[in-house]
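Enquirer:
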Amino acid sequence: MGEAVEEEEATEEQAAEEASSEAAAEEEGDPLAAPADVAAPPADAEKTESGLASKVLKEGTGTEHPTATSTVRAHYTGWTTDGKMFDSSVQRGQPLTMPLNRVIAGWTEGVQLMVEGEKRRFWIPQDLAYKGAPGAPAGMLVFDVELIEIVE
1 MGEAVEEEEA TEEQAAEEAS SEAAAEEEGD PLAAPADVAA PPADAEKTES
51 GLASKVLKEG TGTEHPTATS TVRAHYTGWT TDGKMFDSSV QRGQPLTMPL
101 NRVIAGWTEG VQLMVEGEKR RFWIPQDLAY KGAPGAPAGM LVFDVELIEI
151 VE
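So in full-length UniProt numbering, spot 31 of the sequence shown is number 31, and the numbers just go up one at a time.
#1: I need the DSSP call for Asp144, collapsed to helix, strand or coil.
#2: Do Leu128 and Ala74 count as a contact pair if the criterion is CB distance below 8 Å?
#3: Can the beta-carbon of Arg121 be found closer than 8 Å to that of Ser54?
#4: Classify Glu46 as buried or exposed, calling it buried when 16 or more other Cβ atoms lie within 10 Å of its own Cβ.
#5: From which residue to which residue does the alpha helix (DSSP H) around Gly78 run?
#6: If you reduce the DSSP assignment to three classes, tell me which class Leu32 lands in.
#7: Give me the DSSP bridge partner(s) of Asp87.
#8: If you scan the stretch 37-61 from start to end, which runs of the alpha helix (DSSP H) of 4 or more residues do you find wholly inside it?
#9: Output needed for Gly62: all residues of its chain with C-beta closer than 7 Å, excluding positions within five of it in sequence on either side, in chain order.
In structure tokens:
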């Protein structure tokens, strides 16, 4: 019986250490760790009429905003609201270059709010994301996006 209690205590200690290291990873800016506010936008997030919420994580150095048809180069990581990462250019080590009129509506709208060098977190409602498409993440999605460059 003593061994079972020791194993249970060890398991609890391991869980506490893992939780602590996950929290530390986010505090240190681990771009792959799910943000603490992944479940819902915080009260200080900006909200648009469409329901898109966002918060600037790092101010940019640019002065111009892309348009809905601009091609941009960006790094991003996306999570579902339960904290599961489903895609990341950061993890692949390769930023994505894409025209804003060929991505989900939440990206088209949100990236236009940004300037080069800016990093922003978006809470994208399902209607502005994949709209329940088979094989795509469902529900509200959270993206951290760093706008590296407005290509054209």
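Heads up, the beta-carbon is just placed ideally off N, CA and C, and yes, glycines get one too.
Expert: Taking the geometry as given:
#1: For the purposes of this step, residue 144 is identified with residue 144 of the sequence shown, where counting begins at 1. Residue state, collapsed to three classes: strand.
#2: For the purposes of this step, residue 74 is taken as the residue at position 74 of the sequence shown. For the purposes of this step, residue 128 is taken as the residue at position 128 of the sequence shown. No, these two residues do not count as a Cβ contact at 8 Å.
#3: One-based indexing of the sequence shown puts residue 121 at position 121. One-based indexing of the sequence shown puts residue 54 at position 54. Cβ distance < 8 Å, so Arg121 and Ser54 count as in contact.
#4: Residue mapping note: residue 46 aligns to position 46 of the sequence shown, counting from 1. So Glu46 ends up on the exposed side.
#5: The residue labelled residue 78 in the question sits at position 78 within the sequence shown. No alpha helix (DSSP H) contains Gly78, which is instead part of the beta strand (DSSP E) from Thr71 to Thr80.
#6: Here residue 32 refers to the residue found at position 32 of the sequence shown. Here Leu32 sits in coil by DSSP.
#7: Here residue 87 refers to the residue found at position 87 of the sequence shown. DSSP lists Gly78 as partners of Asp87.
#8: none
#9: If you number the sequence shown from 1, residue 62 lands on position 62. Closer than 7 Å at the Cβ level, and outside the excluded window around Gly62, lie Val115, Glu116 and Gly117.
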